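If you read the sequence shown in this note's numbering, its first letter stands for residue 45, the second for the next number, and so on. Beta carbons are placed, not taken as given, at the ideal position from N, Cα and C, and that holds for glycine. Predicted model, so just to flag it, every value in this text is computed and none were measured. Shown next, in structure tokens, is the structure this report addresses.
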Amino acid sequence: MFTYPTTTEFAPNKTCLRIMKQLHGYFSATKKGWAHISQAWLMEQLEKYEKQTVPSSTLNYNLRILEDHGFIQRQKRHIRDNATGQIIFRPSMYKITSKLRKFFSKLAGYFKRCGWTPTLRQLGNGFTAAVGLVTNRKEAFDEYRRQTRARGSG
Numbered sequence: 045m046f047t048y049p050t051t052t053e054f055a056p057n058k059t060c061l062r063i064m065k066q067l068h069g070y071f072s073a074t075k076k077g078w079a080h081i082s083q084a085w086l087m088e089q090l091e092k093y094e095k096q097t098v099p100s101s102t103l104n105y106n107l108r109i110l111e112d113h114g115f116i117q118r119q120k121r122h123i124r125d126n127a128t129g130q131i132i133f134r135p136s137m138y139k140i141t142s143k144l145r146k147f148f149s150k151l152a153g154y155f156k157r158c159g160w161t162p163t164l165r166q167l168g169n170g171f172t173a174a175v176g177l178v179t180n181r182k183e184a185f186d187e188y189r190r191q192t193r194a195r196g197s198g
């Protein structure tokens, strides 16, 4: 079985991050620790809120990455028809993990320390929070470099 190389911190790709946001948002809204979620619903939510169309193979690939890294737990619920022998696909059961909650609480803590709380639309457009009046990635990177140089020379 293939295992992903361990790193000090998981850096999700854009699709993984978008899936994580959808699942975390769903679990936060429903206040439940588990849910039966179909691939079609998840793809529909990604297209509706993230403006990203994802084929089912890419969705499964990214869900597998999240599962291997411990961000979600899922249990496939497919059954086989006794009469015909064909597989009947049913929505999988997803469980939220503490690792997913911690990921988003760290992200929220970072934004709070920066003094700026971006909206979901701003996050979707690629805005990055940083100290001061920074509103886009270039300004955030410049501010980060300035702070790094200030710490190094102090």
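Query, Result
"Report buried or exposed for residue 92, applying the criterion of at least 16 other Cβ atoms within 10 angstroms of its Cβ.", "exposed"
"Just grab the DSSP bridge partners of residue 78 for me.", "139"
"Is it right to say residue 75 is buried, meaning 16 or more other beta carbons lie within 10 angstroms of its own, or is it exposed?", "exposed"
"Residue 124 by DSSP, collapsed to three states: which one?", "strand"
"From 87, 80 and 190, pick the residue whose C-alpha is nearest to that of residue 122; which is it?", "80"
"Residue ranges of each alpha helix (DSSP H) run of no fewer than 4 residues wholly in the stretch 89-118, ordered along the chain?", "100-112"
"Do you know whose CA, among 143, 116, 126 and 125, lies nearest residue 137's CA?", "116"
"Taking C-beta to C-beta, are residue 106 and residue 57 nearer than 9 Å?", "yes"
"Measuring straight from C-alpha to C-alpha, what distance separates residue 186 and residue 110?", "31 Å"
"Residue 189: buried (16+ other C-beta within 10 angstroms of its C-beta) or exposed?", "exposed"
"What number of angstroms, rounded off, separates the C-alpha of residue 126 from the C-alpha of residue 101?", "27 Å"
"Pull up the distance between the alpha-carbon of residue 88 and that of residue 62, whole angstroms please.", "12 Å"
"Apart from the five residues just before and just after residue 65, which ones in its own chain have a Cβ nearer than 6 Å to its Cβ?", "none"
"Under a Cβ-count criterion, where at least 16 other Cβ atoms within 10 Å of its own Cβ denotes burial, should residue 71 be classed as buried or exposed?", "buried"
"For residue 114, which of 151, 193 and 60 has the nearest alpha-carbon?", "60"
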